[in-house]
Structure formats: C-alpha cells, structure tokens
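In mature numbering (1 follows the signal peptide of the UniProt record, and there is no 0), the protein residues as written are -21 to -1, 1 to 198. Even for Gly, the Cβ is constructed at its ideal location relative to N, Cα and C. In what follows, a single structure is set out as structure tokens and then discussed.
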Ligand SMILES: *[C@@H]1O[C@H](CO)[C@@H](O)[C@H](O)[C@H]1NC(C)=O
Ligand SMILES: *[C@@H]1O[C@H](CO)[C@@H](O)[C@H](O)[C@H]1NC(C)=O
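What follows is the structure, given as structure tokens:
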C-alpha cells in the first residue's frame, strides 16, 4: 500500500471545460438537469500543454499526476460517442455493469439501451457505491471494435507495459470511492484533457454530470 494517501478528489467533469456547452458539445448526454455536485474551485493537479516525452518521464511518470492538454485529437471518436450514435450502433449489445464500490464484485448484464434509458440518471447522493450499477470496464472489444479503432490513446507509454482500455458512461453523482491501481490515463470524451495517474496514486472519481470516459491502464 502507498504509505500516505493523497487526498485528492478527481472530479471527472471538472477536468474539462466542455468544448461547447449545449446539445452539440455534450453529445446529447447532459439532459438539462442540474449537476449533481458542485465543482471544486481549486484543483492542485498541474496542467501541461506541449509536454515532451522526456519531461513526462522526468517529472510525472513515477512521481505525480498531471493533466495533459492538446495531446491527441479524438474528435472523430467523440462524434461516434454521442448518445444518438452509440444507441444506434450498440443499443442492442449487452453490456456488463459493476457496482461502484472500491472492490466491485457484483456484475449485471443488460442491453446498452436499457442501461442508458433506465439506469443512467443522476444518483441520489446518499446512495451507497455497492448499490449503484455502473458501466465501466468489462468491455467487449470485439463487438465494439468499430468504435474503439477510432480512439487515439495518449502517446506516452511506460517501459514494459501494455495499454488496456476501459470505456464507460456514468450518471451525474456517480463515482468510485478512494482506491489505487497501476499507472494510466483517464480521458473524458466530451472534453479536451487527459489525466495521467502514476502507479498507486490514491484517488476517487465523481462524475459531476453524465460522463463518457475512457481509461488507458498501463500494466
Ligand atoms: C451495501 O452495503 C450496505 C452497508 O454495508 C449494506 O447494508 C447493503 O446490504 C449493501 N447492498 C448490497 C446490494 O450489497
Ligand atoms: C464478445 O462478443 C462476441 C460476439 O458477440 C462473443 O462471441 C464473445 O464471447 C464476447 N466476449 C466476451 C468477453 O464477452
């Protein structure tokens, strides 16, 4: 275990300023309701644009998280991730949901359309992680290949690691309590920034609004 948990709350939506607010910029995922949680004003994670690979390795890869800006252009992937297009392409596909607690064990399979239309609503803030079903990870990369081949992962790899994707969509107010795992990236699709998290960096996630995101775990 890491000796001193970094008490940082990673608010996925707060990492990004939506490219354009409103129906075009949010892919149809924000359905007009108020955000379930207020945005923190103060974010202590460094933000870097135009970072070189050498700087990344020296200052961040093994030391601290960083928000990377302007790293890749995923506009095609983003367009394919609109609510309408994902439902048209994958509505009937069965997705595997997990509970949102740290050590998730309960799994539920149901059609993607049913998840989006019936379960993807703002969470009651008092609901427990183990009672919240969440679509993140457990992706079928064969069935969803036509989508994932358009994703450009962050280009900075780490020696002896292979990237693995986890894709998800979650409702406002959902998230995962404090936990850690190996290093990797988390990219919010309706945004323009990528968070890098080092190995065993303690964090929690909170989706301030309905969020579409993809993580690239380097393991
Ligand atoms: C979730 O955790 C609470 C508190 O530990 C427990 O009372 C409840 O039964 C759990 N729910 C499920 C679905 O496991
Ligand atoms: C992914 O989908 C394919 C085609 O429907 C199926 O044959 C395969 O078992 C699925 N893989 C997993 C890991 O669910």
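Distance from the C-beta of residue 109 to the nearest heavy atom of ligand 2 is not below 6 Å.
What you get when you keep residues with a C-beta closer than 6 Å to any heavy atom of ligand 2 is 119, 121, 122. For the stretch 93 to 177, the full-length beta strand (DSSP E) segments reaching 3 residues or more read 112 to 115, 142 to 149, 154 to 158, 163 to 167, 172 to 176 along the chain. Per DSSP, residue 5 has no beta bridge partner at all. Put simply, the backbone Cα of residue 176 is about 17 Å away from that of residue 186.
For the pair residue 67 and residue 113, the Cα-to-Cα distance works out to about 21 Å. Burial is judged here by how many other beta carbons sit within 10 angstroms of a residue's own beta carbon; residue 105 has fewer than 16 and is exposed. In the three-state scheme derived from DSSP, where H, G and I count as helix and E and B as strand, residue 72 is classed as coil.
Boundaries of the beta strand (DSSP E) around residue 196: 190 to 197. With respect to the C-alpha of residue 108, the residue from 58, 130, 80, 85 having the closest C-alpha is 80. Taking 7 Å as the cut-off, the Cβ atoms of residue 173 and residue 133 count as close.
Listed as beta-bridge partners of residue 37 by DSSP are no residues whatsoever. Cβ neighbours of residue 57 within its own chain (closer than 6 Å, five residues either side excluded): 168.
Only residues of its own chain outside the window of five on either side were considered, and among them 90, 91, 92 have a CB closer than 8 Å to the CB of residue 71, listed in chain order. Counting C-beta atoms within 10 angstroms of its own C-beta, residue 74 has 16 or more neighbours from the protein chains shown and is therefore classed as buried. Pairwise C-beta distances place the stretch 139 to 158 in contact with the stretch 114 to 124, as three or more of them are shorter than 8 Å.
When beta bridges are read from the DSSP output, residue 86 appears opposite 77. In the structure shown, residue 50 adopts coil according to DSSP, grouped into three states.
Residue pairing from DSSP places residue 25 in a beta bridge opposite 45. The residue from 191, 137, 23 with its alpha-carbon nearest to that of residue 53 is 191.
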